[in-house]
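Using full-length UniProt numbering, you'd call the opening residue of the sequence shown number 1 and step up by one each time.
Glycine included, every Cβ here is placed at the ideal spot set by N, Cα and C.
None of the values given here were measured: they were computed from a predicted structure.
The block underneath contains the structure these notes are about, expressed in structure tokens.
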Amino acid sequence: MDPRSEVLLRQAELFGGPLLLAGLPADDLLGQLPDARGWSWHAGEQATLDARFTGRCQFGVSPPAGDFTSAVLFLPKSRELTDYLLTALAARLAGRPLFLVGEKRAGIERAAKQLAAFGKPRKLDSARHCQLWAVTVEQVPATPDLEALAQRYQLELADGPLTVVSLPGVFSHGRLDAGSALLLQHLDRLPAGHLLDFGCGAGVLGAVLKRRYPDSQVSLLDVDAFALASSRLTLAANGLQAEVLGGDGIDAAPTGLSAILSNPPFHQGVHTHYQATEHLLRQAARHLQRGGQLRLVANSFLKYPPLIEQHLGACLTLAEDGGFRIYQASRP
1 MDPRSEVLLR
11 QAELFGGPLL
21 LAGLPADDLL
31 GQLPDARGWS
41 WHAGEQATLD
51 ARFTGRCQFG
61 VSPPAGDFTS
71 AVLFLPKSRE
81 LTDYLLTALA
91 ARLAGRPLFL
101 VGEKRAGIER
111 AAKQLAAFGK
121 PRKLDSARHC
131 QLWAVTVEQV
141 PATPDLEALA
151 QRYQLELADG
161 PLTVVSLPGV
171 FSHGRLDAGS
181 ALLLQHLDRL
191 PAGHLLDFGC
201 GAGVLGAVLK
211 RRYPDSQVSL
221 LDVDAFALAS
231 SRLTLAANGL
241 QAEVLGGDGI
251 DAAPTGLSAI
261 LSNPPFHQGV
271 HTHYQATEHL
281 LRQAARHLQR
291 GGQLRLVANS
301 FLKYPPLIEQ
311 HLGACLTLAE
321 DGGFRIYQAS
331 RP
């Protein structure tokens, strides 16, 4: 059981009746709270929850329809995303309690101050290195317009400007990160066919690929619903069409790809983890056609070349700059 869920269950008497669990972990919490429903924006956790508790958890960027007596937000990493989520929940909870739970190292005490926009926050519990806070929603906000919260910026590229639309919580919100900037300079001579932007974020790479290779099929894949929504907005802002897929890792990708391109993240919440990227490197060959290419950018301290060579083939370093390297390998 996730420690945040354990803290909730210490106060189980507060959570009877119709309850919305927003950003809940993929554990047995729904089993312990039979009248609760979930709202997830993580495709992997959603799939796990749906397999165990069919129909009780919704995936997306907006709260599910229904009347809830209270809601719990599991603290996300981004302050901007926390603002949106709290506002979206508070708009549905006039005169009712809104709870916030999170790890101390994730900044729960700081985030609890954001509850003050709706009433007087109060701390209910502290255990398992987590805290549980609550507010009765007295100042009811308007339902937020997520798209209005987007940050838009332009990239000046060789083939013209590209508009990027970034939603709260998406990687490198409102700016182009250094790794992606380097990869954008090395997208030439890709094999024709089906191109995949793995871990698409705001859709920068996928949009550039579709514009540069208009005759190729382009798919964008991410685990996060807010990234998927951002990618769709970025594509639309540039008059481009591509397939946007939600899924947890490379197993959710199509097969027969001519190329996989990625700036894979290695953080989830406050935790550092490399499993998604390492799994990509182990499984890329299964999704590439013969001669298909893997091209990714990564921090130079990450020891990816041996893994690439073990599971795919000879690993070339195409470029190195600013602490990043671009690796390329092809399926034999």
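Proximity of residue i and residue j at Cβ, strictly below 8 Å
i: V101; j: L132; result: yes
i: V165; j: L155; result: no
i: L195; j: S216; result: yes
i: F53; j: L30; result: yes
i: E80; j: G169; result: yes
i: R286; j: L240; result: no
i: L167; j: A148; result: no
i: Y325; j: L312; result: Contrary to the premise, residue 325 reads as Arg rather than Tyr in this sequence. Cβ atoms of R325 and L312: not closer than 8 Å.
i: L19; j: V61; result: no
i: G38; j: L49; result: yes
i: F99; j: P25; result: no
With 16 other Cβ atoms within 10 Å as the buried cut-off, status of residue i
i: L157; result: exposed
i: N299; result: exposed
i: G44; result: buried
i: Q114; result: buried
i: P264; result: buried
i: H42; result: buried
i: F171; result: buried
i: D251; result: exposed
i: residue 370; result: The structure shown does not extend to residue 370, since the chain spans only 1 to 332, so no value can be given for it.
i: A314; result: exposed
Cβ of residue i within 8 Å of any chain B Cβ
i: R211; result: Looking at the structure shown, chain B is missing, and only one protein chain is on hand.
Range covered by the alpha helix (DSSP H) that runs through residue i
i: S216; result: No alpha helix (DSSP H) holds S216; DSSP gives it neither H nor E.
i: P3; result: P3 to R10
i: D50; result: A43 to R52
i: A111; result: I108 to A112
For residue i, the three-state DSSP class (helix, strand or coil)
i: F118; result: coil
i: Y153; result: strand
i: D83; result: helix
i: Q251; result: The sequence as given places Asp at residue 251; Gln does not occur at that position. In this structure, D251 counts as helix in the three-state DSSP scheme.
i: Q32; result: helix
i: Q58; result: strand
i: L183; result: helix
i: L20; result: strand
i: A88; result: helix
The beta strand (DSSP E) enclosing residue i, as first and last residue numbers
i: V101; result: P97 to E103
i: F226; result: Where F226 is concerned, there is no enclosing beta strand (DSSP E), although the alpha helix (DSSP H) it sits in stretches over A225 to A237.
i: V244; result: E243 to G246
i: A71; result: S70 to F74
i: A94; result: Here A94 belongs to no beta strand (DSSP E), and DSSP marks it neither H nor E.
i: L209; result: It is not in any beta strand (DSSP E) - L209 instead sits in the alpha helix (DSSP H) that spans V204 to R212.
i: F198; result: H194 to F198
i: S258; result: L257 to S262
Inset, instruction - Starting from the N-terminal side, write out each stretch of the alpha helix (DSSP H) that is 4 residues or longer and does not extend beyond the region 277 to 327. - result: 305 to 311
Inset, instruction - At 4 residues or longer, and completely inside the region 121 to 177: list those alpha helix (DSSP H) runs for me, N to C. - result: none
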